[in-house]
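Have a look at the structure below before the remarks.
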Amino acid sequence: MKTKSYSNLIIPLTAVVHLIIINGVLWLFTPEIYLNFWAFVYYNTSWLVIAHHLNFYPTGRREVFMTNIRRLAYLFAIYGFAYFSWFAVAGITVTSLYYYIFVYGLICFCITAYRFVFYMFVSHYRLKGGNYVNVVVIGRDKNLKKIRRIFDHPQFGYRYHGFFDDGPSGSPTYHGPVMGCFKYILENRIDEVYCTAAKLSKDQLQNLINFADNNLIKLKIIPDNKDIFTRSMSIEQYDNIPVLKLRTVPLETEFSMVVKRAFDVVFSSFVIITLLSWLIPLLYILIKLESPGPLFFKQKRHGLNRHAFWCIKFRSMANNADSDSKMATKNDMRITKIGRIIRKTSIDELPQFLNVFMGDMSVVGPRPHMEKHTADYEISVDKYLVRHFVKPGITGLAQVQGYRGEISTPSDILNRIRLDILYVEKWSLWLDLKIIFKTVVNAVMGEEKAY
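In the working numbering, the protein residues as written are 28 to 478.
Structure, rendered in structure tokens:
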């Protein structure tokens, strides 16, 4: 009988434990709210729906306590919003906000503690020899060596039996040529076989696939085209035909778009109310006193799907004919005295929160370029337009890594686009929060390229 990588009951049992924690805490500490049928339905359904949308429960053998900690943080944040929303929906008067915050904090603490204990138990159980899978490797290359290093961690529950390859080897874990693996796999109850397509002939690979299918073996193949298969990918089904999607964009999903847009609206509204409401009249006076012209500088830039929009900034230069084609440089004579101050502190960018509120931009994303530069770079810079799969941002991953302001060398734009594409493929709300934090720190500390 084969060992199982994970019991089929792990996910439903974990979900049940989470619901027991939620219901137990609410029943003990807020019975006046919990002892209501619709409150019971709301709190339980909300947790399951949010967890499902975040893909929180599917687990893998290589997961540890910290693996999905970001996803857990998202779950707590969104469920916290749902938790407090019930008060408004049900017309409940909040007599002590701190008490209800404590109750929700207790729910989060108990679920986190259960998660910690669960992973500690699983790790200990595997170290003692339980919940393991037997694995062998077919072939030799650097990718398979990396995978074999994962098998050296007993807490993951892998038992590495060795490898097969048509080239001779003096390694004690070498078991012979590829075609000799079939007998060994059956005799030693091997559960999973790892191989690389580049090291096998077409016939060898087909024989291995047929053997695995006929003997309940899990076959895992590393593709042989590193230029294509090292990027973020997914597989879609078209009438049972698998189609490889070479670039996965997290912000293409409806849930991710709603989360990011909601964050943008809340964050931009906060900045508009608390900062721009008094900063606009103050800077209007200061800018007008030094230089004739409008308060705002508006420029056509390209955003989502290369859509053009008017990007708004506080005017930091005297009126000039080069503003739509020439970027600001160090000691640029066009910049006014007040302009140098607001550019150094990035205050000139704050009106773009109006762009965010209107939906043309996001708080975080690739910085929008002026139309002339977009036209130039889409020809000269490979994969430049990939950055336009998402909305442009006031700040971005490239900017907090030091690639902001003037582009003085070819490597500046290449590294900027590389980081923009990385952001497009790896977006998460947690990544946005980290970028915002680094942006604030950089603005306070001062940046060399802020001129």
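Heads up, the beta-carbon is just placed ideally off N, CA and C, and yes, glycines get one too.
Local conformation of P39 per DSSP, three classes: Of the three classes helix, strand and coil, the one that applies to P39 here is helix, per DSSP.
According to DSSP, residues forming a beta bridge with E219: V162 and K245
Cut-off 6 Å between Cβ atoms - residues of its own chain near F282, not counting five sequence neighbours on either side: When the five nearest sequence neighbours on each side are left out, the beta carbons in the same chain lying within less than 6 Å of the beta carbon of F282 are those of H80, in order along the chain.
Counted within 10 angstroms of its Cβ, other Cβ atoms place T223 as buried (16 or more) or exposed: buried
Nearest-angstrom Cα separation, counted from R328 out to W305: When the Cα atoms are used, W305 and R328 turn out to be separated by approximately 27 Å.
Minimum C-alpha distance to R333 - residue among N71, D439 and F416: F416
Residue interval of the alpha helix (DSSP H) (run including V298): V298 -> alpha helix (DSSP H) spans E281 to V298.
contact_flag[the region 96-104, the region 116-127] where n(CB pairs < 8 Å) is 3 or more: no
Outcome for F256 when other beta-carbon atoms lying within 10 angstroms are tallied against a minimum of 16: Since pLDDT at F256 reaches only 49, below the 50 mark, its modelled position is unreliable, and the value read off the structure follows with that caveat. Flag for F256 reads exposed.
Given 8 Å, three or more beta-carbon pairs between the region 367-383 and the region 408-415: In this structure the region 367-383 does not touch the region 408-415; the number of beta carbon pairs closer than 8 Å is below three.
Rounded straight-line distance, which links the Cα of S389 to that of V293: 11 Å
Coarse secondary structure for F256, derived from DSSP in three states: Only weak support is given to the placement of F256: the predicted model assigns it a pLDDT of 49, under 50, and the value that follows is read from those uncertain coordinates. For F256, the secondary structure class from DSSP, reduced to helix, strand or coil, is helix.
The beta strand (DSSP E) enclosing T72, as first and last residue numbers: Residue range F64 to H80 is occupied by the alpha helix (DSSP H) that includes T72, with no beta strand (DSSP E) assigned at that position.
Secondary structure of F336, DSSP reduced to three states: strand
Separation of G166 from K245, as counted between CA atoms: 16 Å
Alpha-carbon to alpha-carbon, F464 and E452: For E452 and F464, the distance between alpha carbons rounds to 20 Å.
Presumed contact (8 Å Cβ cut-off) between V408 and L441, rounded CB distance: 7 Å
Residues that DSSP places opposite Y187 in a beta bridge: V162
CB contact flag (D447, G423, <8 Å): yes
Neighbour-count burial assignment, H180, 16 or more Cβ in a 10 Å radius: H180 comes out exposed.
contact_flag[the region 189-198, the region 153-165] where n(CB pairs < 8 Å) is 3 or more: Contact between the region 189-198 and the region 153-165 is present, because at least three Cβ pairs lie under 8 Å.
Three-way DSSP call (helix, strand, coil) for T30 in this model: Its pLDDT being 43, under 50, T30 is placed unreliably by the model, and nothing is read from it.
Beta-carbon proximity of R186 to Y159, cut-off 8 Å: yes
Rounded straight-line distance, which links the Cα of N71 to that of L154: Here the alpha carbons of N71 and L154 stand approximately 35 Å from one another.
Closest by C-alpha distance to F323, when choosing among I48, G420 and M344: M344
Residues near T200 in its chain [Cβ-Cβ closer than 8 Å; skip 5 each side]: Y187, H188, G189 and F190
Status (buried if at least 16 other CB within 10 Å, exposed otherwise) for Y110: buried
Short Cβ contact (8 Å threshold) for L213 with N242: yes
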